[in-house]
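> Pasting a structure here, questions to come.
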Amino acid sequence: MNFAFYISGKSNRLFHYLTHFYKQRELNIKLVVSDNILDKRLESILNQFGISTKIYEYKKLLGKTYKEKNEVLSDRILQELEEFQIDYCLSFGSHLLSGLLLDKYKNRLINFHPAILPMYPGKNAIDQAVCAGNTFLVGNTVHFIDEGVDTGKIIMQSVIPLESFYSNNNDYDAILNLQIEMLDKLLLILEKDRIVIKDGRVKIIGADYNRSNLYPAITF
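Printed below as a string of structure tokens:
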């Protein structure tokens, strides 16, 4: 199975995954498409693993509006995915994908969002959650990409108490780093074809949906 990534910015989560997990896995990441110049650390490790890169600088794309630029970017991504015969594309990107890409790769485009959806979709999701005041838990969602803003079918989620964010000096990485393990597990379940969609919901074959946790952990 062939995997690709669409990224924006430094994409620290992808870098840390490649650094700590990728060597141990028999997976085939063939392509990374970026809408910005690659971070030097990420560029180096992509070269090390022989992963191809394509850069389409967002500010240089044709189009006067965000919608027009997003359409051009989506077409470029589709072109690369088809050329590299990609099965799944995972997104750490910041721009809304649209057009024919969504049709041809329906249920094969997957996004990582730093909030417990459906709460706090869109940009600045962590800030939204923190500013809400009554949010006890924060976390991340992995979901399929559709035409909406973070409205696609949910695959998996991770949560930590908001207090953990505060105790780490409001460090966003306390939340975002949960995505690294999520990425590792996601690639493995995709490789083993363990995702099914039934009655409009995503199910991971063999996963435990009955386990629960109590926050905060209380001992006597």
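To convert, note that position 56 of the sequence shown is 55 in numbering that gives the first Met the number 0; the numbers rise steadily by one, no gaps.
Built from N, CA and C at the ideal position, the CB exists for glycine as well.
Might you give, ordered along the chain, the residues of its own chain that have their beta carbon closer than 7 Å to the beta carbon of residue 17, omitting 5 neighbours on each side?
Closer than 7 Å at Cβ, skipping near neighbours: 44 and 48.
> Would the stretch 78-95 and the stretch 0-14 be scored as touching if the rule is three or more Cβ pairs under 8 Å?
yes
> In angstroms with no decimal places, state the Cα-to-Cα distance between residue 140 and residue 194.
16 Å
> Give me the Cα-Cα distance between residue 163 and residue 207, rounded to the nearest whole angstrom.
25 Å
> What does the alpha-carbon distance come out to for the pair residue 128 and residue 114?
7 Å
> How many angstroms separate the CA atom of residue 146 from the CA atom of residue 101?
7 Å
> Is residue 142 closer than 7 Å to residue 159 when the C-beta atoms are compared?
For residue 159 and residue 142, no; Cβs fall outside 7 Å.
> Under a three-way DSSP split, which group does residue 118 fall into?
coil
> With 16 as the cutoff for other CB atoms within 10 Å, does residue 181 come out buried or exposed?
buried
> My output table needs one value for residue 84: the three-state DSSP class, helix, strand or coil.
coil
> Run through DSSP, which three-state label would residue 155 get?
strand
> Does DSSP put residue 5 in a helix, a strand or coil?
Strand.
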